[in-house]
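Letter by letter, the sequence shown follows residues 114 to 727 of my numbering. C-beta atoms are modelled at their ideal positions from N, C-alpha and C, and glycine is treated no differently. Just so you know, these numbers come straight off a predicted model, no measurement behind them. Structure first, then comments.
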Amino acid sequence: MCGIIGYAGSEQAAPILLEGLGKLEYRGYDSAGVAVCSRRERRLRVHKAKGWLHVLSDMLDGGAAVEGCVGVGHTRWATHGAPSDINSHPHLSRSGKIAVVHNGIIENYGELKAFLTDRGVPFASETDTEVVAQLVEYFYEDGRVDLLEAVSRCLRRIEGAYALGILCADRPEELIAARKDSPLILGYGDGCSFLASDVTALLRHTRRVAYMDDGDVAVLTKEGIRCYDYLMQPVVRETVYVDWAVDAAEKGGYEHFMFKEIMEQPEALRRAVFPRLKDGRVRLEDLSLSGSYLRGLRKLYIVACGSSYHVGMVGKYNLERMLRLPVEVALASEFRYMDPIVDENTLVVVISQSGETLDTMAALREARRLGAKILSIVNVMGSSIARESDQVLYTWAGPEIAVATTKAYSTQLAVLDLLGLHLAEALGTMEEAERDAMAAELLALPEKLERVLAERDAIQYCASEYFNRGSVFYIGRNVDYALALEGSLKLKEISYIHSEAYASGELKHGAISLIEEGSLVVALATCGRLFDKAMSNIAEVRSRGGRVLALATEDRREEMAKTADNVVAIPNTHPLLLPSLGVAPLQLFAYYVALMRGCDIDKPRNLAKSVTVE
Ligand code: AGP
Numbered sequence: 114m115c116g117i118i119g120y121a122g123s124e125q126a127a128p129i130l131l132e133g134l135g136k137l138e139y140r141g142y143d144s145a146g147v148a149v150c151s152r153r154e155r156r157l158r159v160h161k162a163k164g165w166l167h168v169l170s171d172m173l174d175g176g177a178a179v180e181g182c183v184g185v186g187h188t189r190w191a192t193h194g195a196p197s198d199i200n201s202h203p204h205l206s207r208s209g210k211i212a213v214v215h216n217g218i219i220e221n222y223g224e225l226k227a228f229l230t231d232r233g234v235p236f237a238s239e240t241d242t243e244v245v246a247q248l249v250e251y252f253y254e255d256g257r258v259d260l261l262e263a264v265s266r267c268l269r270r271i272e273g274a275y276a277l278g279i280l281c282a283d284r285p286e287e288l289i290a291a292r293k294d295s296p297l298i299l300g301y302g303d304g305c306s307f308l309a310s311d312v313t314a315l316l317r318h319t320r321r322v323a324y325m326d327d328g329d330v331a332v333l334t335k336e337g338i339r340c341y342d343y344l345m346q347p348v349v350r351e352t353v354y355v356d357w358a359v360d361a362a363e364k365g366g367y368e369h370f371m372f373k374e375i376m377e378q379p380e381a382l383r384r385a386v387f388p389r390l391k392d393g394r395v396r397l398e399d400l401s402l403s404g405s406y407l408r409g410l411r412k413l414y415i416v417a418c419g420s421s422y423h424v425g426m427v428g429k430y431n432l433e434r435m436l437r438l439p440v441e442v443a444l445a446s447e448f449r450y451m452d453p454i455v456d457e458n459t460l461v462v463v464i465s466q467s468g469e470t471l472d473t474m475a476a477l478r479e480a481r482r483l484g485a486k487i488l489s490i491v492n493v494m495g496s497s498i499a500r501e502s503d504q505v506l507y508t509w510a511g512p513e514i515a516v517a518t519t520k521a522y523s524t525q526l527a528v529l530d531l532l533g534l535h536l537a538e539a540l541g542t543m544e545e546a547e548r549d550a551m552a553a554e555l556l557a558l559p560e561k562l563e564r565v566l567a568e569r570d571a572i573q574y575c576a577s578e579y580f581n582r583g584s585v586f587y588i589g590r591n592v593d594y595a596l597a598l599e600g601s602l603k604l605k606e607i608s609y610i611h612s613e614a615y616a617s618g619e620l621k622h623g624a625i626s627l628i629e630e631g632s633l634v635v636a637l638a639t640c641g642r643l644f645d646k647a648m649s650n651i652a653e654v655r656s657r658g659g660r661v662l663a664l665a666t667e668d669r670r671e672e673m674a675k676t677a678d679n680v681v682a683i684p685n686t687h688p689l690l691l692p693s694l695g696v697a698p699l700q701l702f703a704y705y706v707a708l709m710r711g712c713d714i715d716k717p718r719n720l721a722k723s724v725t726v727e
């Protein structure tokens, strides 16, 4: 969703802001803008445009056309008011003295707008954000308070979520930042300071960052950053060193981030798994759950959204088998409104790549309120979900830029399996030999996945056969069903083909009426013990004229080829790890289909990478 970049230093700000916005494009946006403070003129220059960033960049000659060393930039993902030049950020106060960029939603903006309108303040846009600019000026113009106090008064009046960057023409050397429930990161450079929605925008400039806490306000200048807590008391936020490689957030010769990230999966798995498996034993040194707590556990609850939820669905099948404990999986957006049965004997496992998904965050807080311990599986270090959890297992997948998640899904799954092995050992619910066999296969996953990826031409061929279908069904049983959900989501989000996932056995209870001559069904049949059942379901589809693209294990390839139209095979592995291999052909299929349909693969329409609104 919206992206923010800010700079206060001695260099020209606009080129730095535009370059930073380029790094935030992946979050999803529909317009972009910058505001720069000119010390010479003591005024703010705002430039903004609907559409992709290059429209703005061309308008400003890459930033060379704008003078000033302090500024903020923004990519907007529309919530209040359609995408347009006027609704783009930054927003100016009526005198043009205050400029604001914002990520989040000001929930009481209607009431505040009425308050200001009654006092003669005119509004230019339809956005919720504009009230912030107008309200700061309203308090500031009063003349009795300084800028920081005016900002603080404004923050006390607004309700909702915000990450804000604020400039004032009277303070041309300062940039003010504030955050509540929306991510904002401070960057410490050499003779300059930065502000960003996420670290990928800062990697080229600094690796020394600090995560703002909820309620924090910061003042950035070229000399450094002063930070205040929600009571406006000075605080020092811990700085951390980010060790992500600069090129990890760049395409590195690949046409798309999504393809690069698909191909990076074996390496990402090595990073996530190898350090945590020593001498065949799981060692989760980042975890501390006491024996007595674990013995008292009655239930696991997995809470997440989108693909992270699909990881949870695999987790339900796997963890219940490994732990013999009930595992419930809930969509985070539903969890908080369903009166969930959660108490201190429930371990709530929160899964989120970004660590910033608002629905997931809200579910986490609800689970904590109900007394549960929170263990999160997160990719982005220092993210809000990581910081609010009791325990964190990082996925170490590196930055994921494509909106459609791939390597984050794979590493989340591997980490969840590691967690299962760890808990199974502590609870004594799996034989040692069984644990050893699964651990050995976890170690073998990266190499096997490389073999799957090497077969990509065959998948590209299948895509060329089916890319013009109007609707696609994904079916499977058990973990294959959980995997079907992910395969279907991948296809629909980047290729815009309507697609649905069904538990194979459910097809005949309704959806089979949609199968007609030429309908494509992607049948997942990797579960050995359910192979015959899968074959029956495939036969049902074929006898109604449907075309079947099947996914099976290598040992069943030939048998499957007798029934399905196309077969993609994955290496055999431990039954619980099959989705870790099976997901790659589904990602590649979606990728190639989208490519052949000419879709914008890394930035699919209407989607955002980090979903920070409810
Ligand atoms: C998957 O390709 C999507 N981008 C989306 O479903 C994503 O998994 C979901 O929004 C959850 O995000 P999170 O893992 O960052 O919380």
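DSSP-derived helix/strand/coil call for residue i
{"i": "G495", "result": "coil"}
{"i": "H215", "result": "strand"}
{"i": "Y142", "result": "coil"}
{"i": "N591", "result": "coil"}
{"i": "E351", "result": "coil"}
{"i": "H193", "result": "coil"}
{"i": "E441", "result": "strand"}
{"i": "H204", "result": "strand"}
{"i": "Y253", "result": "helix"}
{"i": "H187", "result": "strand"}
{"i": "G176", "result": "helix"}
{"i": "C150", "result": "strand"}
{"i": "K412", "result": "strand"}
{"i": "V264", "result": "helix"}
{"i": "K364", "result": "coil"}
{"i": "Y301", "result": "strand"}
Between the CA atoms of residue j and residue i - distance to the nearest angstrom
{"i": "E250", "j": "S197", "result": "24 Å"}
{"i": "N679", "j": "N431", "result": "28 Å"}
{"i": "A677", "j": "R669", "result": "12 Å"}
{"i": "E560", "j": "A191", "result": "43 Å"}
{"i": "L315", "j": "R207", "result": "32 Å"}
{"i": "E457", "j": "F448", "result": "17 Å"}
{"i": "P688", "j": "D715", "result": "32 Å"}
{"i": "M709", "j": "P717", "result": "14 Å"}
Limits of the alpha helix (DSSP H) - the one that residue i falls within
{"i": "E613", "result": "No alpha helix (DSSP H) contains E613, which is instead part of the beta strand (DSSP E) from 611 to 616."}
{"i": "F448", "result": "445 to 448"}
{"i": "I129", "result": "126 to 137"}
{"i": "K335", "result": "Run containing K335: none; DSSP gives neither H nor E here."}
{"i": "Y406", "result": "404 to 409"}
{"i": "S577", "result": "569 to 579"}
{"i": "Y430", "result": "419 to 436"}
Residue interval of the beta strand (DSSP E) (run including residue i)
{"i": "T240", "result": "Where T240 is concerned, there is no enclosing beta strand (DSSP E), given that its DSSP letter is neither H nor E."}
{"i": "H160", "result": "156 to 163"}
{"i": "G119", "result": "116 to 121"}
{"i": "Q504", "result": "504 to 507"}
{"i": "T518", "result": "T518 -> no beta strand (DSSP E), and no H or E assigned at all."}
{"i": "F307", "result": "306 to 309"}
{"i": "A323", "result": "321 to 324"}
{"i": "I279", "result": "273 to 281"}
{"i": "R292", "result": "288 to 293"}
{"i": "S465", "result": "459 to 465"}
Proximity test, residue i beta-carbon vs ligand 1 heavy atom, cut-off 7 Å
{"i": "L488", "result": "no"}
{"i": "E501", "result": "no"}
{"i": "Q466", "result": "yes"}
{"i": "E606", "result": "yes"}
{"i": "C712", "result": "no"}
{"i": "S421", "result": "yes"}
{"i": "C115", "result": "no"}
{"i": "T192", "result": "no"}
{"i": "S206", "result": "no"}
{"i": "V348", "result": "no"}
{"i": "L382", "result": "no"}
{"i": "V706", "result": "no"}
{"i": "A697", "result": "no"}
Whole-Å CB distance - residue i paired with residue j, under 8 Å assumed
{"i": "S151", "j": "P285", "result": "7 Å"}
{"i": "L602", "j": "S420", "result": "6 Å"}
{"i": "I683", "j": "T666", "result": "6 Å"}
{"i": "R657", "j": "I628", "result": "5 Å"}
{"i": "A327", "j": "D356", "result": "The amino acid occupying residue 327 in the given sequence is Asp; Ala does not appear at that position. Between D356 and D327 the Cβ distance is about 26 Å, and since that is not below 8 Å, they are no contact."}
Contact with chain B by residue i, beta-carbon distance below 8 Å
{"i": "H369", "result": "Among the protein chains of the structure shown there is no chain B, as only one such chain exists."}
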